[in-house]
Amino acid sequence: MGKIGENLLEDAGKKGIAKAIDLLVDKYIVPKIEEIVNSPKDILTLEDLFKIYLDKRYNIDKYINTIVFHNENKIIDELYIPLTIVHNNKRDKIVLNKSMKNIFNSPIKYLIIDTAGTGKSTLVKFLSTHCVENEWAIPFVIELRRMERNQSIEEFILNDVKLVCKTIEFVDIKDLLRRGNFIFFLDGYDEILEENKKEATKKIRNFVISADNNCFILTSREDDGLNEFNDFIKYHIQELNKNEAYELIKKYDNYGKVSESLIDEIEKDENYDALKEFLGNPLMVSLLYLTYQYKGVLQYKKSIFYRQVYDALYDRHDKTKGIGKVHEKKSKLDIEDFCKILCAMGFLSVKQNQIEFSKDEIIKLISQSLNLFPNIETNEYDYLDDILHAVPLFKEEGINFKWVHKSFSEYFSAVFICQEYKEYQHSIFQRLLEVDNAQRFYNMLDFCYDIDYKGVTDYLIYPILQQYVIFCENKNKNNIYPFLDIENFYQFIDNIYLIKFDNKPRPKKRNMFNDYLDTFKILRQNSINSISYLTYVSKSENIIMAVQRKAKYDIIKLLYRKNMDLFRKISVKDYPQKFLKKINDKTVYTLFSDTLQQNNIYIEHREEFLTYIFRKNADFRGNILDLEKCKQKLQEIESEKNKISDNFFILS
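Here our numbering is used: the first residue of the sequence shown is 58, the next is one more, and so on.
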């Protein structure tokens with residue numbers, strides 16, 4: 058198509074969106090504001106402001122940028138592969154594509170959970186633009202990491218829409234939002250600063266309650282704080298299938314020769330089996346394309362992918378059109394020294410759980426990182442320019458600066474721990490065995506496992522298996538209970554509580570959130586906080602189970618996903634839950650505790666309880682740690698340590 062044709066299509070698209078925005082505002086905004094404001098002038102002002110906002114929002118969300126194209130903006134339709142979200146029961150799936158039905162025609166609350174790189178932010182952009190194009194409802198995209206500490210969600214929205222009309226009261230806007238036909242995309246719960254998360258969670262909850270006549274989509278990686286949103290229907294983003302992955306690869310070079318060659322290479326049997334894990338993840342597919350474009354060969358380890366992406370970005374933007382001529386970075390740093398600073402920045406970012414920074418914050422971050430390497434000489438402003446343009450691992454968003462993807466901060470953090478400041482690795486891993494929310498370090502540890510298996514083995518795997526063996530052997534003394542292996546495993550990784558939150562029968566059409574609120578109240582009265590998740594055990598008996606993940610849980614989950622031969626699969630039979638009727642006191646029952654009299658109910662019905670706990674856990678898929686395999690692994694690690702004597706390292 059010629060340039061004139063493309064311009065005509067673009068103009069037609071703009072006119073179509075302008076008409077859609079007019080219809081949206083006329084349908085959903087004008088009737089409501091006529092009820093809350095008296096002045097015709099105010100009505101016109103609000104009407105215009107919402108049109109301006111929707112036009113701005115649409116033009117932000119219709120573009121995505123990707124590291125493959127040097128963070129250059131691309132229209133979302135050029136690169137979007139329809140994602141599928143799946144409910145926990147595996148039967149309820151929603152394909153998010155152009156022909157999808159309107160899922161927003163009645164109030165909903167969805168929690169969409171992703172892992173690193175599966176595309177939640179792209180998904181939000183697609184849904185936001187789709188809502189406008191189809192005139193479904195008014196979308197608000199609230200990037201939660203950008204909320205200021207003392208700012209409510211309503212204030213964030215007011216600022217976004219720039220509602221500064223002096224004659225319009227804040228209470229009027231709250232009333233407008235409560236009346237419905239809005240979709241609130243609450244994006245990136247896991248990216249809220251840790252010190253702000255408790256307060257932010259409270260604000261989100263209050264807003265959802267006050268504006269419950271609307272639709273809410275909350276997106277996040279797995280996070281312990283999500284237990285506060287148990288009334289949201291939980292979905293996960295489904296991995297891409299092979300055809301979807303190949304279609305995405307083809308889109309990266311407009312169905313050219315590089316994508317054709319790459320797909321041919323992947324299709325070789327041994328390559329496909331090795332790369333199957335990466336093809337399901339849109340980010341990993343993009344990195345696969347980028348590294349193949351750069352090197353012309355395939356790599357099978359995630360950490361090598363990320364290093365090659367870094368090499369490709371550094372080299373690709375280091376070469377000028379003149380053969381043999383090299384354009385120096387403003388920082389004047391070579392590829393290794395440049396990487397060292399990124400590693401320190403990654404570690405500090407992960408430590409602070411922060412991926413977006415103001416100008417002052419990022420200059421401070423670079424300065425702190427430079428101080429860790431006194432032999433590297435450059436200045437903060439030149440380095441900032443380089444990471445935005447020459448080696449674009451950061452991007453500028455308005456007045457802020459952000460990692461192109463959170464996983465890059467996690468990769469560089471892992472390199473920092475395993476290579477650059479390895480002398481502190483032992484103490485860092487030791488702390489991770491005790492930290493409350495180890496879940497947020499999971500992806501970083503995944504990289505560490507690939508980069509420095511020996512360090513992870515010595516300082517994480519060995520101590521955790523040692524603890525498990527000692528724990529089991531102490532429990533197993535004079536105890537031949539057949540379900541003891543299951544009990545030992547779950548007691549080692551979890552604290553589990555059963556809460557009877559009410560003695561009175563509740564209506565069948567109950568407010569689930571009120572049940573959870575009552576449960577949290579009872580837990581806090583018993584000084585129990587930091588719950589990882591809640592789930593109903595019996596609605597008829599008003600009983601909920603609360604699970605508190607220990608730091609060990611996520612480390613053992615990593616070992617399971619790495620296919621370490623430490624586990625064994627077991628099967629259990631189903632038990633009727635009639636015993637729950639015996640639980641009468643409105644209180645907390647601490648399972649696995651032998652000290653509380655109230656646990657007589659657990660001791661009497663251990664098999665029923667353990668079967669329920671076992672079946673509820675999806676992470677280990679019917680597997681538990683095998684005690685004998687753990688002992689064998691400990692012996693192997695000790696044997697490896699003894700193979701090399703100290704004399705080996707002495708130079709004569």
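Every residue, glycine too, gets a C-beta built ideally from N, C-alpha and C.
Since the structure is predicted, the reported quantities are computational estimates derived from the model, not experimental observations.
K119 is positioned such that its CB atom lies closer than 9 Å to that of T186. In this structure, K397 keeps its C-beta atom at 9 Å or more from the C-beta atom of T435. Excluding five sequence positions before and after D310, the CB atoms of its chain that fall closer than 6 Å to its own CB belong to S316, given in chain order. Looking at N586, K150, I527, I74, the one whose alpha-carbon comes closest to that of C687 is I527.
Looking at the DSSP output, C505 bridges to nothing. Every beta strand (DSSP E) of 3 residues or more that sits fully in the stretch 587-670 is shown, in chain order, as 590-595, 600-606, 624-626, 645-647. The C-beta distance from A401 to S426 rounds to 4 Å, short enough to meet the 8 Å contact threshold.
When Q487, N410, E135 are compared, the shortest CA-CA separation from I521 is found for Q487. For V342, DSSP records no beta bridge to any residue. T576 has no beta-bridge partner at all, per DSSP. Setting aside the 5 residues that flank it on each side, L489 is surrounded in the same chain by A495, F498, L502, L517, A608, I612, each with a C-beta closer than 8 Å to its C-beta; the list follows chain order. With the rule of 3 Cβ pairs closer than 8 Å, the stretch 474-481 does not count as touching the stretch 413-427. The secondary-structure analysis by DSSP pairs Y554 across a beta bridge with A603, T647. In this structure, DSSP gives I90 a helical state, which the three-state scheme calls helix.
DSSP, read as helix, strand or coil, puts L168 in strand.
I600 has its alpha-carbon roughly 10 Å from the corresponding atom of V645. Going by beta carbons, K408 and D443 fall outside the 9 Å limit. Beta bridge pairing from DSSP links R278 with D171. A75 is positioned such that its CB atom lies closer than 9 Å to that of D112.
Inclusion of Y610 and I550 in the CB contact set at 9 Å is warranted, their separation being smaller than that value. Following the DSSP letters along the chain, one finds H446 in no alpha helix (DSSP H), marked with neither H nor E. Annotation: H293 to A173 spans about 12 Å, alpha carbon to alpha carbon.
In this structure, V198 lies away from L106, with their beta-carbon atoms at least 9 Å apart. D247 and I261 have their C-alpha atoms spaced approximately 13 Å apart. Under the three-pair Cβ rule at 8 Å, the stretch 689-697 does not count as touching the stretch 629-645. Non-local C-beta neighbours of Y351 in its own chain, meaning closer than 6 Å and more than five positions away in sequence, comprise A369, ordered along the chain. Approximately 11 Å separates the beta-carbon atoms of G403 and F451; this is outside 8 Å, ruling out the contact. Only exposed fits P562, as fewer than 16 other CB atoms lie within 10 angstroms of its CB. In this structure, V189 lies near Y115, with their beta-carbon atoms less than 9 Å apart.
By the Cβ-count criterion, A675 is exposed, with fewer than 16 other Cβ atoms from all chains shown falling within 10 Å of its own Cβ.
Sequence-distant partners of Y632 (beyond 5 residues in either direction) whose C-beta falls short of 7 Å from its own C-beta, in its chain, are E664, E665, T668.
Judged by beta-carbon spacing, E437 lies beyond the 9 Å limit of I456, meaning their Cβ atoms are not closer than that value. Of all alpha-carbon atoms in Y506, R581, S156, I230, the one lying nearest the alpha-carbon of I556 is that of R581. Straight across, the Cα-Cα distance linking Y617 with V265 is about 37 Å. A straight line joining the alpha-carbon of L80 with that of E192 spans about 7 Å. Contact holds between the stretch 355-364 and the stretch 453-472, because three or more Cβ pairs, one in each stretch, are under 8 Å apart.
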